[in-house]
Amino acid sequence: MNAVYEKLQRCYESMQEKTDFKPLIAVVLGSGLGGFAEDIQIETIVEYRDLPDFPVSTVEGHKGRFIFGYVEKVPVVIMQGRVHYYEGYDMTDVVLPIRLMKMMGAKALILTNAAGGVNDEFDAGDLMMITDQISTFVPSPLIGPNLEKLGERFCDMTGIYNDRFQDIFRRIARTLEIDLKEGVYVQLSGPNFESPQEIKMCRILGADAVGMSTACEAVAAKHMGMKTCGISCITNPGAGITMKPLSHEEVQETADKVAPVFKALLKEGIIKIAELL
């Protein structure tokens, strides 16, 4: 058996020993956005470190645990903190949590992140719905022997972010009077912030926001047939758009400020997406 699949299977079996909860929707919470998980009806919490060979988040602000529970009546599993490629993990480990949540029963995936603004019309504190992505600057999680039990060898990435889910978030944003931006997200490796010239490059390529996560997770989800949507919190303008130095503290502070709006949008999104599944 493939070593990557064997590790995934060990994590799945360990998780089954800890909970029989079956989620419908999986959610990944990015930097500064983890507070949403504590507002739901919590049933079970499983720490990443309690699963065999499971990658553990080392980034400040990422608690590193799965939270199982309900948003209204919708069963969800929430990653309160993710792991990143820049932490030194193999890309197959970075997307292992996504694959695990799919094996547990999740049919849909909502990805969130803190991102830098590439589009100079975006301001810190804006929320951007991801309509497409650029992931070619980091290794594909599908490199290596194909995991036939998960998906096909050559996976089409058209419609990686589900059109119907996007329509749901547009309607919710109008109802809640949220100025929801839309755009293309590009993942770079990190952990360093981008140089001004790299931000210019991203803009030329068609990106509106840049970050260090998410795109690889969306690729793994599409490979498995999960329906995916994504929301970025624009926490700062990219380097060179302003002369202010970038910092992780600024990312967390901005995410904290926008948290109430983000939580309202995400809660309603979960409820409406569940109606389609």
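Using the numbering used here, you'd call the opening residue of the sequence shown number 9 and step up by one each time.
All C-beta atoms in this analysis are idealised placements derived from N, C-alpha and C, irrespective of residue type, glycine included.
No experiment lies behind these values; they were computed from the predicted model shown.
Query	Result
CA nearest to the CA of residue 104, picked from 137, 208, 232, 30	232
Rounded separation between residue 275 and residue 79 - CA only	7 Å
Pairwise C-alpha distance: residue 122 and residue 150	24 Å
Touch test, the segment 81-90 against the segment 199-210, Cβ-Cβ under 8 Å, three pairs minimum	no
Presumed contact (8 Å Cβ cut-off) between residue 282 and residue 106, rounded CB distance	With 8 Å as the limit, residue 282 and residue 106 do not qualify as a contact, their Cβ atoms being about 19 Å apart.
Member of 13, 23, 196, 31 whose CA lies at the smallest distance from the CA of residue 7	With the chain covering 9 to 285 only, the question about residue 7 has no answer from this structure.
Nearest-angstrom Cβ-Cβ length linking residue 194 and residue 213, presumed shorter than 8 Å	7 Å
Boundaries of the beta strand (DSSP E) in which residue 235 is found, first to last residue	235-245
Continuous beta strand (DSSP E) assignments of at least 3 residues falling wholly in the segment 75-110	82-88
Counted within 10 angstroms of its Cβ, other Cβ atoms place residue 100 as buried (16 or more) or exposed	buried
Touch test, the segment 108-118 against the segment 138-148, Cβ-Cβ under 8 Å, three pairs minimum	no
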